[in-house]
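Okay, so here's the structure we're looking at.
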Ligand SMILES: *Cc1c(COP(=O)(O)O)cnc(C)c1O
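In this note's numbering, the protein residues as written are 3 to 439.
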């Protein structure tokens with residue numbers, strides 16, 4: 003057997019993030035102020051986000067953005083993450099395809115989310131912020147932000163979607179161990195939460211409701227900024243360390259991917275692994291396929307509309323030009339909590355419109371079946387979100403088998419599922435069903 007795992011030397015770790023907006027022929031359309039319908043400027047975002055993050059959000063000119071020394075130092079605690087040749091999975095499928103995965107589950111909090119949490123906490127601290135607030139679905143972003151906040155001496159308040167607060171108590175405990183305050187959303191602590199509960203006392207929460215609450219708290223509290231773990235362009239920017247590393251690691255393996263696959267919630271791990279490879283498609287005409295795997299119950303890319311919509315339920319955010327199921331969309335209670343968001347980031351939305359990427363939707367049962375196969379073959383229990391990427395990979399690997407084609411597939415393992423065993427229990431007991439929109 004040839005080499006299985008590939009790591010980079012510290013000296014070869016990325017020192018800059020890759021900003022795909024600079025290379026896009028059709029730039030994302032502007033974010034709009036909902037009151038005036040005028041394009042948003044970075045200054046308009048300062049009340050909400052750290053200033054540097056606001057500038058990164060709208061930066062369409064600088065291809066490379068320096069990673070601050072301090073953030074590079076923090077990345078070295080767990081990066082590079084391994085690139086792994088999935089010999090076990092290939093054998094289990096019986097495919098001629100060569101399958102590789104980038105293992106982001108080895109980060110201290112178990113998912114890719116820390117790549118952006120460290121950057122966001124760093125810039126907040128730099129700018130004299132004392133408190134950060136956010137929402138979390140399944141709890142991975144909340145855990146990452148809580149840890150990053152504690153590293154930089156910031157207070158964190160996390161609104162956790164009520165259904166996952168109840169289904170995933172250990173993610174709450176993880177955030178609390180890192181010192182964060184965790185509030186189930188919708189809650190009575192904000193006007194947005196009260197309004198939602200008045201209309202629907204049994205509202206189980208969604209990322210849209212939790213975002214409204216976190217944004218409101220940030221607006222009402224001095225020295226407090228809002229942070230987000232997905233969807234926004236600066237979040238995908240930070241996640242490009244995944245793809246930049248993978249590019250070098252694939253080179254060490256002597257390969258270049260024919261397909262790059264990732265699961266899709268708002269687009270940050272997909273953008274993170276894809277964009278560095280996609281620059282070769284945009285600039286050099288490489289033929290790589292990029293496939294986003296979303297849940298059939300929340301299919302914004304495959305069944306949503308491209309239009310201006312709010313990022314949250316109440317309508318506090320700017321209007322975003324994106325593929326969306328509507329900001330009032332209430333997804334079914336599938337276990338891949340991190341994929342239950344109504345919209346897609348503005349960069350990926352434009353890339354999909356321009357045909358530079360594709361999307362597939364995957365049902366819950368197929369995704370868990372894929373996750374269990376992967377676990378037995380590779381020894382890692384994937385996050386329910388990541389199972390969607392594995393299912394899409396297996397579909398493509400089976401096509402290769404049927405066609406007798408030896409393609410190279412790279413997918414992102416965005417996180418592990420060790421805090422999601424309740425979901426696996428239900429799958430194994432036969433209690434899960436598919437919800438197709
Ligand atoms: C949050 C999360 C996702 C979905 O978010 P993206 O921004 O689409 O990457 C996927 N996988 C894991 C493990 C997550 O924590």
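Ideal Cβ placement from N, Cα and C applies to all residues, glycine included.
{"Item": "Is residue 302 near ligand 1, in the sense that its beta carbon is under 7 Å from a heavy atom of that ligand?", "Value": "no"}
{"Item": "Am I right that residue 2 and residue 210 are in contact with their C-beta atoms under 8 Å? What's the rounded C-beta distance?", "Value": "One cannot answer for residue 2 here, as it falls past the ends of the chain, which runs 3 to 439."}
{"Item": "Determine the closest residue to residue 405 out of 326, 98, 46, 21, with distance taken between C-alpha atoms.", "Value": "98"}
{"Item": "For residue 291, which three-state DSSP category applies?", "Value": "strand"}
{"Item": "Are residue 269 and residue 232 touching if we call contact CB-CB under 8 Å?", "Value": "yes"}
{"Item": "My understanding is that residue 195 touches residue 187, with C-beta atoms under 8 Å, so please give their C-beta distance in whole angstroms.", "Value": "6 Å"}
{"Item": "Are residue 325 and residue 358 closer than 8 Å when you measure CB to CB?", "Value": "no"}
{"Item": "Under DSSP, the beta strand (DSSP E) around residue 102 begins and ends at which residues?", "Value": "100–105"}
{"Item": "So what does residue 20 bridge to, in DSSP terms?", "Value": "66"}
{"Item": "If you measure between the beta carbons of residue 145 and residue 176, is that distance less than 8 Å?", "Value": "yes"}
{"Item": "Got a sec: does ligand 1 put a non-hydrogen atom nearer than 7 Å to the Cβ of residue 287?", "Value": "no"}
{"Item": "According to DSSP, is residue 155 helix, strand or coil?", "Value": "coil"}
{"Item": "If you compare alpha carbons, which of 15, 101, 163 is closest to residue 90?", "Value": "101"}
{"Item": "Could you say which of 346, 338, 4, 163 lies nearest to residue 323 if we only look at CA atoms?", "Value": "346"}
{"Item": "Alpha carbon to alpha carbon, what distance is there between residue 215 and residue 78?", "Value": "34 Å"}
{"Item": "Taking just the CA atoms, how far does residue 82 sit from residue 11?", "Value": "8 Å"}
{"Item": "Taking three-plus beta-carbon pairs below 8 Å as touching, is the segment 200–210 in contact with the segment 117–135?", "Value": "no"}
{"Item": "Compute the beta-carbon to beta-carbon distance between residue 262 and residue 412, rounded to the nearest angstrom, for a pair I have assumed lies under 8 Å.", "Value": "5 Å"}
{"Item": "Contact between the segment 327–339 and the segment 29–43 is defined here as three or more beta-carbon pairs at a separation below 8 Å; is this criterion met?", "Value": "no"}
{"Item": "Helix, strand or coil for residue 133 per DSSP?", "Value": "strand"}
{"Item": "Say whether the segment 281–296 touches the segment 377–385, bearing in mind that this needs 3 or more beta-carbon pairs closer than 8 Å, one atom from each stretch.", "Value": "no"}
{"Item": "Taking 7 Å as the cut-off, is the CB of residue 19 close to at least one heavy atom of ligand 1?", "Value": "no"}
{"Item": "Any heavy atom of ligand 1 closer than 7 Å to the Cβ of residue 292?", "Value": "no"}
{"Item": "Relative to ligand 1, is the shortest distance from any of its heavy atoms to the C-beta of residue 143 smaller than 7 Å?", "Value": "yes"}
{"Item": "Output the residue ranges of the beta strand (DSSP E) runs that lie fully inside the segment 230–303 and measure 3 residues or longer, sorted by chain position.", "Value": "261–265, 291–297"}
{"Item": "Would you say residue 421 faces chain B, with C-beta separation under 8 Å as the test?", "Value": "In summary, chain B is missing from the structure at hand, where a single protein chain is found."}
{"Item": "To which residues of the same chain is residue 153 closer than 8 Å at the C-beta, ignoring the five residues directly before and after it?", "Value": "76, 120, 123"}
{"Item": "Among 51, 252, 174, which one has its Cα closest to the Cα of residue 104?", "Value": "252"}
{"Item": "Report the residue ranges of all alpha helix (DSSP H) runs contained in full by the segment 410–434; include only those spanning at least 4 residues, in chain order.", "Value": "423–430"}
{"Item": "Grouping DSSP H, G and I as helix and E and B as strand, with all else coil, what is residue 127?", "Value": "helix"}
{"Item": "Just to confirm my understanding: we take residue 352, look at its own chain, exclude 5 residues before and 5 after, and list those with CB closer than 8 Å. What are they?", "Value": "26, 28, 29, 30, 31, 323"}
{"Item": "For residue 305, which residues in the same chain have their Cβ closer than 7 Å to its Cβ, ignoring the five residues on either side in sequence?", "Value": "439"}
{"Item": "Skipping 5 residues on each side, what residues in its chain have a beta carbon closer than 6 Å to that of residue 372?", "Value": "389, 392, 393, 396"}
{"Item": "Based on Cα-Cα distance, which residue from 399, 384, 428 lies nearest to residue 112?", "Value": "384"}
{"Item": "Relative to the C-alpha of residue 245, which residue among 281, 191, 95, 275 is closest?", "Value": "275"}
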